[in-house]
Each structure stands twice: as structure tokens, then as C-alpha cells.
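Participant:
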Amino acid sequence: MTKRIIISIITIFFVSACVDEELCTGEGTNEIKLLFVESGTETPIEVALDSIAVSGRPENYPLIADTIVSALTLTVDPARTLTQFIFYAKSKTDTVMFGRIDTLILSYNVTPKLISVQCGPEFIFSDLDTLKFTFDSLQIVESHFLLEVETNLKIYY
Amino acid sequence: MLNLTFYSKLKQTLRYIIDNTRWLKLLLIWIALIANHSGTTQAIISDSIPKSKMITPTMFMFGFDMLGPAYTVISEQRSGWELEASLDVHKYFVVFNYGAEFFDFQKDTYDYTSDGIYWRIGADINMIPRDEFGSLMYFGLRYSGSTLTEKMTGKVFDKQWGTTYFTSLNGNVNARWIEIVVGMRAKIWKELFVGYTLRLKTSLRLSGDQELETYRIPGYGLASESTFWGLNYYISWRFKFREKYTVPQKE
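From first to last, the protein sequence lines are chains A and B. Per the numbering used here, residue 55 is the first one in the first sequence, and the count goes up by one each step. Per the numbering used here, residue 503 is the first one in the second sequence, and the count goes up by one each step.
And the structure:
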């Protein structure tokens with residue numbers, strides 16, 4: 055009898071310990087991954103960006119400033135269901151291209167979700183689409199917002 | 503065509519349950535144990551009623567779940583109630599449950615409420631139909647549903663975009679699921695019975711507009727879980743219409 059009581063107490067202790075150590079890693083991410091490829095081919099190219107601005111916000115996108123990239127990760131605005139990015143490029147590495155400005159408007163759904171009582175809410179982003187873009191062409195490779203996705207959008211530049 | 507689709511879905515569901523759950527072994531052991539008990543009981547009690555009369559109901563049981571009110575008293579986050587009615591047909595019981603649950607989680611970053619009703623309809627097989635006290639040991643199936651509303655207000659911080667405040671409402675979400683149940687009722691005084699029902703809930707389907715991802719479903723549990731355990735502890739009163747079986751006098 056005493057043995058059973060002790061086992062029960064130990065079980066309750068461990069179960070409650072597991073509850074306390076709940077990991078608050080949700081499944082939601084607002085990241086999208088872009089890949090710049092050369093128009094007419096599928097070859098990735100490097101693009102020299104002065105900055106990326108977001109419409110409705112005075113400051114340039116703080117993560118992107120004066121950098122050369124072929125792949126890029128951006129995050130969409132969780133407070134809205136569309137985000138407008140303005141790309142200011144000053145040159146490409148192989149062919150000179152000064153002062154190019156492109157616009158990309160993305161639409162998506164934002165659904166609040168309670169991860170758990172302890173962890174609180176997060177946003178689930180889904181159904182990525184484009185409303186407008188000024189690049190040569192664009193392909194949606196993956197419309198789901200997933201951390202493990204390599205490329206969401208392929209931009210023909 | 504319709505039947506084929508139904509049986510195909512039923513087959514898929516059963517296959518999923520068998521493949522993905524460990525509880526089946528436990529259930530089979532439980533059934534084996536009570537079947538053994540039932541066989542022993544039947545062996546010593548003779549049946550003096552014609553089989554044609556066995557299908558006429560002999561009793562109606564009405565009870566309520568004691569855990570719902572207990573949660574209401576001890577928890578600030580959860581409240582609810584549930585009623586159960588059952589009618590016997592030979593060794594089977596037609597069972598109907600109706601209840602309501604309310605959840606309210608208030609934290610620093612959010613306030614979530616879920617409010618709704620739920621119902622279950624199904625049948626049990628009583629494994630000890632000739633028990634001299636009328637006690638029950640059973641297993642069965644339920645088809646269950648819930649209609650709920652949810653609301654969450656809160657804020658989410660993003661390192662890039664700062665804090666986003668939101669209010670989301672699910673006005674009318676419908677949930678359907680299947681339950682496999684085991685349980686018992688023991689007679690404790692006159693026609694008063696107490697006992698539990700253990701439920702394995704599975705095959706959850708949600709419909710209706712979901713502005714907010716459904717979190718807590720009354721009668722089911724967490725919407726994110728494809729299977730969910732549940733326990734009810736009922737106190738019931740039996741209304742007997744007539745004696746079901748004659749218990750022979752010991753010589």
C-alpha cells in the first residue's frame with residue numbers, strides 16, 4: 055500500500071514537472087524566402103540592394119541595407135493581410151544596373167492561435183499570394199509559411 | 503455510392519485508430535476480463551423470460567456528471583455540466599448526453615473564452631446484463647457534436663514589426679467526433695448508481711468560419727489533438743419499469 059502511494063506521488067511529480075517545462079515553440083512564422091534568378095534562365099543571380107522599404111512605414115526595412123544577395127528572407131506585417139515591399143537596387147555584380155526600383159505586394163491570411171494556456175497566442179500565416187509586382191516575372195514556389203521551406207518566391211530579375 | 507463512401511470512411515477511421523493508438527490492447531484486455539466475469543455470472547443464473555420480451559426496455563437511467571460542477575467550484579478557468587439519459591434494450595443501452603462547458607483563460611498577453619454546448623448519442627453493450635444488483639460494465643460508441651463560440655483578444659510581439667494587438671471571434675463553429683467508451687455503474691443505494699465513463703475521442707472534424715484557430719472544444723478538449731481522453735463520473739437514478747431477469751433462489 056505504502057509502495058503504491060509513493061509511486062503515485064512520484065508519477066504526479068514527474069507529470070507536473072513535464073507540464074511546467076512546456077516548450078513554447080509555435081508553428082507560426084511570418085518569414086518568406088525569396089530567390090533571385092536570371093530572367094530566361096533558372097540561374098540564381100546576385101542583386102545589390104541599397105535597401106528595402108515597406109509601404110506605410112517611414113523607415114527602410116532595417117534588416118536589409120546596402121547588401122548583395124541572391125536569396126533573401128523577409129517578414130510580412132502581422133497586423134495586416136498584405137505587405138508592400140519596395141526594393142531599391144543599385145547594381146548587380148555582373149551587369150551594371152543603377153537605380154532600379156521594384157515593388158512587390160504580397161497578400162496572405164493571418165489567423166490568431168492559442169499555442170497553449172501557458173505559452174499564449176501566436177499568428178498562423180497562410181495562403182501567400184502576390185497582388186502586384188514589377189519584376190520581370192515571379193513564381194510562387196511555396197504558398198505555405200514554413201520555417202523549413204527553402205524558397206517561397208522565385209523572382210526573375 | 504453513398505454507402506460505399508460511408509463504409510470506406512468508416513474503414514479508414516478504424517484503420518487509423520488501430521494503427522495509431524495503444525489503447526486498443528488495453529481495451530481488448532478490459533473486454534476479455536469483463537466477458538469472463540459475464541460468462542461466470544450467466545452460468546449460475548438462469549433466464550426465465552422469453553427472448554421476445556427481452557427487447558422491451560425495463561429501465562431508464564438519468565444522471566449527471568459530477569466532475570463538471572466540481573470544476574466549476576475549484577477552477578476559475580473552467581465550468582460546465584452534463585446530463586446523461588439511457589434506456590436499456592436487452593443487454594444494450596441507448597445513451598444520450600447533453601452538456602455545456604465554458605473556458606476562460608486570462609493571462610498578461612491574452613484573454614481567451616470558449617463557450618458552447620455538446621451532445622453525444624450512441625449505444626453501449628452491457629457485459630454483465632444479468633448482474634443481480636443491476637450494475638453495469640460496458641463498452642460502446644458515441645457520435646458526438648458541439649457548437650461553440652470562441653473569442654480571443656491579445657497581443658503578439660514580433661522583433662521586426664513590434665507588438666500587434668488583435669481581437670478575433672469564432673461566432674459559430676461546429677465540431678463532430680467519434681468516441682469509444684468503457685465504463686461501469688455500481689448500485690450504491692436503492693436505485694442510486696455511481697460510476698465512470700472513460701472516453702477515447704477521435705476523428706475530429708471542424709466546420710464553420712474560423713477567424714481564430716479553434717483551441718478548446720466543449721465536450722472534446724483540445725482541438726489540436728487528433729485523439730483526446732476524457733473521463734466522466736456520473737451519479738444516476740434508475741427508474742425501473744419491470745424486472746428484467748429472474749434470479750433463482752439458492753437451494
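Each residue gets a CB set at the ideal place from its N, CA and C atoms; glycine is no exception.
Check the C-beta distance from GLN712 of chain B over to ASN672 of chain B and give it rounded, since I have them as a contact under 8 Å.
Facilitator: With 8 Å as the limit, GLN712 of chain B and ASN672 of chain B qualify as a contact, their Cβ atoms being about 6 Å apart.
Participant: For a quick check, are the C-beta atoms of SER648 of chain B and PRO720 of chain B less than 7 Å apart?
Facilitator: In contact: SER648 of chain B and PRO720 of chain B (Cβ atoms closer than 7 Å).
Participant: Could you pull the DSSP bridge partners for ARG612 of chain B from this structure?
Facilitator: Per the sequence shown, residue 612 of chain B should be read as Tyr rather than Arg. DSSP lists B:GLY656 as partners of TYR612 of chain B.
Participant: Measure the C-alpha to C-alpha separation of ALA587 of chain B and MET556 of chain B and round it to an integer number of angstroms.
Facilitator: Distance between the alpha carbons of ALA587 of chain B and MET556 of chain B: 20 Å.
Participant: Listing by chain order, which chain B residues have their CB less than 7 Å from the CB of VAL171 of chain A?
Facilitator: Near VAL171 of chain A (Cβ distances below 7 Å), the residues of chain B are PHE607.
Participant: Any idea if ALA572 of chain B is buried or exposed, counting beta-carbon neighbours within 10 angstroms, 16 or more meaning buried?
Facilitator: Flag for ALA572 of chain B reads exposed.
Participant: In chain order, what residues of the same chain have a beta carbon less than 8 Å from the beta carbon of MET561 of chain B, not counting five sequence neighbours either side?
Facilitator: Correct list, in chain order: LEU589, ASP590, GLY636, ARG740, PHE741, LYS742, PHE743, LYS746.
Participant: Mind listing the chain A neighbours of PHE668 of chain B? Cutoff is C-beta to C-beta under 9 Å, in chain order.
Facilitator: Within chain A, the residues near PHE668 of chain B are PRO132, ALA133, VAL164, PRO166, PRO175, PHE177.
Participant: Determine the direct distance from the alpha carbon of LEU733 of chain B to that of VAL696 of chain B, and round the result to whole angstroms.
Facilitator: The straight-line gap from Cα to Cα measures roughly 13 Å.
Participant: Identify whether TYR758 of chain B lies in helix, strand or coil by the three-state DSSP scheme.
Facilitator: Only positions 503 to 753 of chain B appear in this structure, which leaves residue 758 of chain B out of reach.
Participant: Using a 10 Å radius around the Cβ and a threshold of 16 neighbouring Cβ atoms, would you call ARG707 of chain B buried or exposed?
Facilitator: Under this definition ARG707 of chain B is an exposed residue.
Participant: Closer than 7 Å, CB to CB, is THR129 of chain A near chain B or not?
Facilitator: Chain B contact via Cβ: present.
Participant: Taking DSSP as the reference, what is the three-state secondary structure of GLN544 of chain B?
Facilitator: Legend: pLDDT at GLN544 of chain B = 46, less than 50; position of this residue unreliable, no value from coordinates given.
Participant: Between the Cα of ILE17 of chain A and those of A:VAL108, A:VAL203, A:THR188, spot the shortest distance and give me the residue it belongs to.
Facilitator: The displayed coordinates of chain A run from 55 to 211. Any statement about residue 17 of chain A would go beyond what the structure contains.
Participant: Which ranges would you report for the beta strand (DSSP E) in the stretch 624–669 of chain B if only whole runs of at least 3 residues count?
Facilitator: Fully enclosed beta strand (DSSP E) runs of 3 or longer: 638–660.
Participant: Does TYR715 of chain B have its Cβ less than 7 Å from a Cβ in chain A?
Facilitator: The displayed chain sequence assigns Glu, not Tyr, to residue 715 of chain B. Interface residue, yes.
Participant: Given a cut-off of 7 Å on the beta-carbon distance, is the pair PHE41 of chain A and THR83 of chain A in contact?
Facilitator: Residue 41 of chain A lies beyond the range of chain A shown here (55 to 211); nothing can be said about it.
Participant: In angstroms, rounded to a whole number, what distance separates the CA positions of LEU128 of chain A and ILE118 of chain A?
Facilitator: Rounded to the nearest angstrom, the two C-alpha atoms are 9 Å apart.
Participant: Taking the straight line between their C-alpha atoms, what separation do you get for CYS99 of chain A and ASN676 of chain B?
Facilitator: For the record, residue 99 of chain A in the displayed sequence is Ile; it is not Cys. Approximately 50 Å between the Cα atoms of the pair.
Participant: Please work out which residues of its chain come closer than 7 Å, Cβ to Cβ, to GLN544 of chain B, disregarding the five sequence neighbours upstream and downstream, and give them in chain order.
Facilitator: With a pLDDT of 46 at GLN544 of chain B, under the threshold of 50, the modelled position of that residue is not reliable, and the figure given next carries that caveat. Closer than 7 Å at the Cβ level, and outside the excluded window around GLN544 of chain B, lie ARG632.
Participant: Against GLY656 of chain B, what residues of chain A qualify as contacts under a CB-to-CB distance less than 8 Å, listed in chain order?
Facilitator: In chain order: PRO166, GLY174, PRO175.
Participant: How would you label VAL684 of chain B, buried or exposed, when you count the other beta carbons within 10 angstroms and need 16 or more for buried?
Facilitator: Per the 10 Å Cβ criterion, buried.
Participant: Please report the distance separating the alpha-carbon of PHE730 of chain B from that of THR184 of chain A.
Facilitator: Each residue's Cα considered, the two are about 39 Å apart.
Participant: On the CB-based measure, 16 or more other CB atoms within 10 Å of its CB, does ASN163 of chain A come out buried or exposed?
Facilitator: Classification of ASN163 of chain A: exposed, given that the 10 Å Cβ count is below 16.
Participant: Once the 5 residues before and after TRP583 of chain B are set aside, which same chain residues still bring their CB inside 8 Å of it?
Facilitator: Only PHE566, ASP567, GLY570, PRO571, THR574, GLY601, ALA602 meet the Cβ criterion.
Participant: Does chain A have any CB closer than 7 Å to the CB of TRP739 of chain B?
Facilitator: Taking Cβ atoms only, chain A never reaches closer than 7 Å to TRP739 of chain B, which makes this a no.
Participant: Any C-beta of chain A sitting closer than 7 Å to the C-beta of TRP663 of chain B?
Facilitator: With 7 Å as the cut-off, TRP663 of chain B counts as an interface residue toward chain A.
Participant: Please classify PHE199 of chain A: does DSSP put it in a helix, a strand, or coil?
Facilitator: Reduced to three states, the DSSP call for PHE199 of chain A is coil.
Participant: Cutting at 7 Å between CB atoms, please list the residues of its own chain near ASP181 of chain A, excluding the five before and the five after it.
Facilitator: Here the set comprises TYR162, ASN163, SER197.
Participant: State yes or no: is the C-beta of PHE604 of chain B within less than 7 Å of the C-beta of ASP626 of chain B?
Facilitator: No. Outside cutoff.
Participant: I'd like to check one pair, SER670 of chain B with MET654 of chain B: are the Cβ atoms closer than 7 Å?
Facilitator: A contact, by the Cβ cut-off of 7 Å.
Participant: Tell me which same chain residues have a C-beta within less than 8 Å of the C-beta of ASP156 of chain A, skipping the five on either side of it?
Facilitator: These residues qualify, in order along the chain: ILE140, PHE141, ALA143, PHE187, THR188, PHE189.
Participant: Under 7 Å, do ASP617 of chain B and THR651 of chain B count as touching if we go by C-beta distance?
Facilitator: For ASP617 of chain B and THR651 of chain B, yes; Cβs fall inside 7 Å.
Participant: Starting from PHE187 of chain A, trace the beta strand (DSSP E) both ways and give me its first and last residue.
Facilitator: Note, PHE187 of chain A: beta strand (DSSP E), 174–187.
Participant: Mind checking if THR574 of chain B is an interface residue toward chain A, Cβ cutoff 7 Å exclusive?
Facilitator: Chain A, which has no Cβ nearer than 7 Å to the Cβ of THR574 of chain B, makes this no.
Participant: Give me the Cβ distance between THR137 of chain A and VAL130 of chain A, rounded to the nearest whole Å; I'm assuming they're in contact under 8 Å.
Facilitator: With 8 Å as the limit, THR137 of chain A and VAL130 of chain A qualify as a contact, their Cβ atoms being about 4 Å apart.
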